[in-house]
Amino acid sequence: MIRINQDRKKKNVKRESWGSQAGFLLATVGSAVGLGNVWRFPTVTALNGGGAFVLVYLVIILLLGLPVMIAELTLGRAGKSNVIGVFTRLAPRSKWWLAGVLPLAASFIILSFYAVIAGWTLLYIFSSLAGFTAGLDTAGLASLFAVLTETPVYPVAAQAVFLILTVAIVVVGVKKGIERWGLVLMPGIFLFLIILFIRTMFFKGVWSGIAWFLRPNLAALSFSTVLDAVGQVFFSFSLGMGAILTYGSYLPRDSDIPRNSFYISVVDLGVAILAGLIVIPSLFVFGLDPETGPGLIFITLPAVFNTIPLSMLWATLFFLLLAFAALTSAISMLEVIVAYLIEELRWTRFTAAAAAGAGVFLLGVPAALSRGVLRGVLIGGLDIFAFLDFIASNLMLPLGGLLLIIFVGWVWGVRKAAREIRTLGVGFRLEGAWSFLVRFVVPLAIGYILISGLRPKG
Ligand code: PFF
């Protein structure tokens, strides 16, 4: 009995870590690059006047995104633990561990509906390959979208398949599962993006779309542009949910956190801009409205592809891109929960990943059915999708992010954080600016946004 306990203790002490710097970078970029870049960014940009939004987005990345990413990676590496464990380790005998509950719950909820949309991308890979999307115009594609998302069996089965893939990767572990698959999937994502980008540049009239996307139309700026940009940065950078923190906890001591955060931010921004340059000009060229919601990528874009030769190839590449990007992000959300279950509840990785995957699946079933049999079901005036998105993205993420940043700025302290960053001689030239942002600018901005987000719309 004593032996078993000792073995267990030993097993608990030993944590996994990344096999290489490149592996960590690709996995973390994989978490950041997802549906948020390829679908959400072009849509939000289109709704906010194009170039003006891109400009605000850049500023918010510098003021909020980058500093919070540095803070999360540092917290994770210093605490060498999951999203609850870092607080119990760095502030023992306090109630700060409660700050980890929100990110944990948010991972669970966001993954549940993220997997539904990711499941649709799987259905569309299959549909494009099988030729179901071929030759259809917008009306035909809208009917196909209705069939695929409203017939109960398709969205639920696709969501299940997507989650099984996610669990299968996380079960294998940090180095052999998450890192290895990042190395496989990320180059695929970059390749598909570049091919689609080059193809888009050959559309006639593409430049007016590009100009609209990049020209800062300052008249379109409003306070809601700023709110949307903050929400988009948090979502796209995977912040406030413990994903970056958990990935940071597997970092070796000699890694350069500020530099890595810079690289991750630049790549995530680059992918968003590239996706914007693919999606928005295509719509312009074909005189289509950059409409909101899933219609944009599941109806309008396939209609655009259908007007050019080899339409099946472009549609398949586009949905593969979405599915790969969604998978590397979903892995990071599941790992937040799995790391907690392994370290705090002493579950094995297998049980943790399988049980978390099953729980996420069950929670997501109502979302998967929300366009079909559960259409019209409202919670607090919102449909199931919108309700889950609202409580997780508008309430839990900002509040979780706020508590996390207050902890780093004021409780654990920027001094200790900076010391952690500088371990083993790593330089941190912007320490002063970072400390100021983390202590004052970020908490005030998030606090303000949280209060505005709670205001009833209308
Ligand atoms: N960053 C991902 C995207 O842009 O799609 C979504 C995401 C992943 C959000 C992981 C939060 C997270 F913890």
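Quick note: the sequence shown, position 39, residue 38 per numbering that gives the first Met the number 0, numbers continuous. Note that CB positions come from ideal geometry on N, CA and C, so glycine has one too. This one's a predicted model, so the numbers in the text were calculated from it and none came from an experiment.
- Neighbourhood of Met200 by C-beta, 6 Å cutoff - its chain only, sequence neighbours within 5 removed: In the sequence shown, the residue the question calls residue 200 occupies position 201. Excluding sequence neighbours, Met200 sits near nothing in its chain.
- Message: Rounded to the nearest angstrom, what separates Val12 and Val67 at their Cα positions?
- Response: Position 13 of the sequence shown, counted from the first residue, corresponds to residue 12. Position 68 of the sequence shown, counted from the first residue, corresponds to residue 67. Caution is warranted here: a pLDDT of 47 is assigned to Val12, below 50, making its placement in the model unreliable, and no coordinate value can be reported.
- Given Leu449, which residues of its chain have a CB within under 7 Å of its CB, disregarding the five upstream and five downstream residues? In the sequence shown, counting from the first residue as 1, residue 449 sits at position 450. Taken in chain order, the residues that qualify are Pro397, Leu398 and Leu401.
- Look at Ile404 and Ile256 and say whether their C-beta atoms are less than 8 Å apart. Against the sequence shown, residue 404 aligns to sequence position 405. Against the sequence shown, residue 256 aligns to sequence position 257. A distance of 8 Å or more separates the beta carbons of Ile404 and Ile256.
- Message: With a threshold of 7 Å (Cβ to nearest heavy atom), would Leu34 be considered close to the ligand PFF?
- Response: As a first step, residue 34 is located in the sequence shown; it is residue number 35 there, counting from the start. Leu34 Cβ: within cutoff of the ligand PFF.
- Message: Mapping the DSSP letters down to three states, classify Leu135 as helix, strand or coil.
- Response: Locating residue 135 in the sequence shown gives position 136, counting from the first residue. In this structure, DSSP gives Leu135 a state outside helix and strand, which the three-state scheme calls coil.
- Start and end residues, alpha helix (DSSP H) containing Glu15: As a position in the sequence shown, residue 15 is number 16, starting the count at 1. Careful: Glu15 lies outside any alpha helix (DSSP H) and carries neither H nor E.
- Task: Kindly give me the distance between the Cβ atoms of Ala219 and Asn47, rounded to whole angstroms, as I take these residues to be in contact under 8 Å.
- Result: On the sequence shown, position 220 is the one that residue 219 refers to. On the sequence shown, position 48 is the one that residue 47 refers to. A Cβ-Cβ separation of about 7 Å places Ala219 in contact with Asn47 under the 8 Å criterion.
- Who pairs with Asp382 in a beta bridge, going by DSSP? To locate residue 382, count along the sequence shown from 1; it is residue 383. For Asp382, the pairing in a beta bridge is given by DSSP as Leu377.
- Message: Suppose the cutoff is 7 Å on Cβ atoms and the five residues either side in sequence are ignored; what does the same chain contact list for Tyr262 look like?
- Response: Counting from 1 along the sequence shown, the entry for residue 262 is found at position 263. Result list for Tyr262: Leu24, in chain order.
- With 16 other CB atoms within 10 Å as the buried threshold, where does Ile193 fall? By one-based count along the sequence shown, residue 193 stands at place 194. It counts as exposed.
- Message: Quick check: Pro151 and Trp119, are their CB atoms within less than 8 Å of each other?
- Response: The residue you call residue 151 lines up with position 152 of the sequence shown. The residue you call residue 119 lines up with position 120 of the sequence shown. Taking 8 Å as the cut-off, the Cβ atoms of Pro151 and Trp119 do not count as close.
- Measure from the alpha carbon of Gly408 to the alpha carbon of each residue in Ser434, Phe360, Leu429 and Phe384, then state which is nearest. Translated into positions along the sequence shown, residue 408 becomes position 409. Of the candidates Ser434, Phe360, Leu429 and Phe384, the one whose C-alpha sits nearest the C-alpha of Gly408 is Ser434.
- Message: Is Ala228 a contact residue of the ligand PFF, with contact defined as CB to any heavy atom under 7 Å?
- Response: In the sequence shown, counting from the first residue as 1, residue 228 sits at position 229. Residue side-chain check: Ala228 keeps its Cβ at 7 Å or more from all non-hydrogen atoms of the ligand PFF.
- Item | N- and C-terminal bounds of the alpha helix (DSSP H) containing Trp433 | Here residue 433 refers to the residue found at position 434 when the sequence shown is read from its first residue. Note, Trp433: alpha helix (DSSP H), Glu430 to Phe435.
- So is Trp38 buried or exposed if we call it buried at 16+ other beta carbons inside 10 Å? If you number the sequence shown from 1, residue 38 lands on position 39. Classification of Trp38: buried, given that the 10 Å Cβ count is 16 or more.
- Message: Using only CA atoms, which one of Thr137, Asn36 and Ala105 lies nearest to Ala325?
- Response: The count along the sequence shown starts at 1 and reaches residue 325 at position 326. It is Asn36.
- Going by C-alpha distance, which of Ile336, Ile298, Ser331 and Val335 is nearest Phe318? Along the sequence shown, one-based indexing puts residue 318 at 319. When the alpha-carbon of Phe318 is set against those of Ile336, Ile298, Ser331 and Val335, the nearest one is in Ile298.
- Count the other C-beta atoms from every protein chain shown that fall within 10 angstroms of the C-beta of Ser30, then say buried if there are 16 or more, exposed otherwise. The residue given as residue 30 occupies position 31 in the sequence shown. Buried, because 16 or more other Cβ atoms sit within 10 Å of the Cβ of Ser30.
- Message: For a test of the three-state rule: what should DSSP assign to Trp211, helix, strand or coil?
- Response: To locate residue 211, count along the sequence shown from 1; it is residue 212. The answer is helix: DSSP assigns Trp211 an H, G or I state.
- Item | Segment contact flag, the segment 336-347 with the segment 220-239, C-beta cutoff 8 Å, min 3 pairs | No, they do not touch.
- Task: Decide yes or no for the touch test of the segment 258-272 against the segment 83-97: beta carbon pairs closer than 8 Å, at least 3 of them.
- Result: The segment 258-272 is not in contact with the segment 83-97.
- Task: Indicate the three-state DSSP secondary structure (helix, strand or coil) for Thr347 in the structure shown.
- Result: Here the question's residue 347 lines up with position 348 in the sequence shown. Correct three-state label for Thr347: coil.
- Query: Does Ser207 get closer than 8 Å to chain B when you measure Cβ to Cβ?
  - Reply: Among the chains of the structure shown, chain B does not appear; only one protein chain is present.
- Using only alpha-carbon positions, find the residue among Val437, Ser19 and Asn216 that is nearest to Leu181. Residue numbering aside, residue 181 sits at position 182 when the sequence shown is read from its first letter. Residue identity check: residue 181 is Gly in the sequence provided, not Leu. The shortest C-alpha separation from Gly181 is found at Ser19.
- Task: Have a look at Pro91 and Arg418 and give me their C-alpha separation to the nearest angstrom.
- Result: Position 92 of the sequence shown, counted from the start, is the residue given in the question as residue 91. Position 419 of the sequence shown, counted from the start, is the residue given in the question as residue 418. Going by the C-alpha atoms only, they are around 19 Å apart.
- Would you give the residue range spanned by the alpha helix (DSSP H) that Tyr113 belongs to? As a first step, residue 113 is located in the sequence shown; it is residue number 114 there, counting from the start. Taken as a continuous stretch (DSSP letters only), the alpha helix (DSSP H) holding Tyr113 covers Val100 to Leu128.
- Query: What number of angstroms, rounded off, separates the C-alpha of Val359 from the C-alpha of Ala145?
  - Reply: By 1-based counting over the sequence shown, the position of residue 359 is 360. By 1-based counting over the sequence shown, the position of residue 145 is 146. Cα-Cα distance, rounded: 24 Å.
- Query: Can we count Phe545 as close to the ligand PFF, meaning its CB is less than 7 Å from some heavy atom?
  - Reply: Within the shown structure, residues of the chain are numbered from 0 to 457, placing residue 545 beyond reach of any answer.
- Cβ shell of Ile124 (< 8 Å), same chain only, five flanking positions each side left out: Taking the sequence shown and counting its residues from 1, one reaches residue 124 at position 125. Same-chain partners within the cutoff: Thr315, Phe318, Leu319 and Ala322.
- Residues near Met0 in its chain [Cβ-Cβ closer than 6 Å; skip 5 each side]: Working through the sequence shown from its first residue, we reach residue 0 at position 1. With a pLDDT of only 42 at Met0, under the threshold of 50, the placement of this residue in the model should not be trusted; the figure read from the coordinates follows. Closer than 6 Å at the Cβ level, and outside the excluded window around Met0, lies no residue.
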